[in-house]
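Numbering (my numbering), first residue to last: 611 to 895.
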């Protein structure tokens, strides 16, 4: 499975707008999913904003394996990026964003004051892949519901400016993916966390990828969740055991494999296996 393509029209338009409007902002806020810090980092975004200061925000940090997350923080900081763990939904860590931006912009503000210019809000652009939590973050920063925030990819369709108090202006943008995925691991990890629509890849392949990942890194949690013994040599047996133990049955007590798929994806996306990280720093150093 190579070169999976998913590139809706509004994403192509957004890419052009980002390139044009990057010149107008002071700092780029790059929002990543803390469970997939590498797979959720769009190389197109990096190319479009490489000349701008950037803050890496690892969202959904409450769902991520803390030990692995610490390694990712060091990874990004070693590359020269200011990095914060946040939970846009609860607001944890969000209050640290503006103070960090003020420190980053201190020299620029002083230079503008010296030229007699009036102090202005810090202009930022929030970028990230679909369903990473951009609208939720803006609503939390603004302390009110300014944008629609839904747990599915592709809700935001256009760029828009959001004023946050007197100190901050945010340019919200729709989530954009790169035109095609050449890396199967990236594609499957995006799918497992819900960043791309479930019908883009065969759902059973997504689930089996999840089986294999949990078997490698979180086997005890996997087996305890469904009260099963995992044997990757017998994938159908794993399906059957989950189906029987969790009541995913059709008339005649046949296994309802579609329900097993839905159950597993729900559990994976809602912390039923505990805090996890799919991307490993060791894969990228």
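The C-beta atom is built at its ideal place from N, Cα and C for all residues, glycine as well.
- Our two residues, residue 845 and residue 795, have alpha carbons roughly 19 Å apart in a direct line.
- DSSP places residue 783 in the coil class of the three-state scheme, outside both helix and strand.
- Around the C-beta of residue 713, fewer than 16 other C-beta atoms lie within 10 Å, and the residue is accordingly described as exposed.
- Of the candidates 860, 805, 856, 805 places its Cα closest to the Cα of residue 647.
- According to DSSP, residue 640 shares a beta bridge with 666, 737.
- Separation of residue 634 and residue 722 (C-alpha to C-alpha, rounded to the nearest whole angstrom) is 16 Å.
- The beta carbon of residue 694 is closer than 6 Å to those of 667, 703, 706 in its chain, skipping five residues each way along the sequence.
- Restricting attention to 739, 626, 822, the CA atom closest to the CA of residue 787 is found in 739.
- Look at residue 774 here: in three-state DSSP terms it is strand.
- Beta-bridge pairing by DSSP links residue 860 to 864.
- Measuring C-alpha to C-alpha distances from residue 816 to each of 872, 783, 792 identifies 872 as the nearest.
- Residue 697 sits close to residue 671, with the two beta carbons spaced by under 8 Å.
- Pairwise C-beta distances place the segment 740-747 in contact with the segment 636-650, as three or more of them are shorter than 8 Å.
- Inter-residue distance for residue 710 and residue 800 is about 29 Å (C-alpha atoms, whole angstroms).
- Shown here for residue 833: same chain residues with a beta carbon closer than 6 Å to its own, the five before and five after excluded, namely 840 in chain order.
- A check of alpha carbon separations from residue 743 across 644, 716, 692 identifies 644 as the nearest.
- A check of alpha carbon separations from residue 732 across 726, 724, 778 identifies 778 as the nearest.
- Counting the other Cβ atoms within 10 Å of the Cβ of residue 851 gives 16 or more, which makes it buried.
- Three or more Cβ pairs closer than 8 Å define a contact, and the segment 855-867 falls short of that threshold against the segment 876-884.
- Residue pairing from DSSP places residue 693 in a beta bridge opposite 666.
- Judged by DSSP secondary structure, residue 819 falls within the alpha helix (DSSP H) whose first and last residues are 813-827.
- Apart from the 5 residues on each side of it in sequence, residue 822 sits with its Cβ closer than 8 Å to the Cβ of 842 in its chain, given in chain order.
- Taking 8 Å as the cut-off, the beta carbon of residue 654 is found no closer than this to the beta carbon of residue 692.
- Here residue 807 is not bridged, per DSSP, to any residue.
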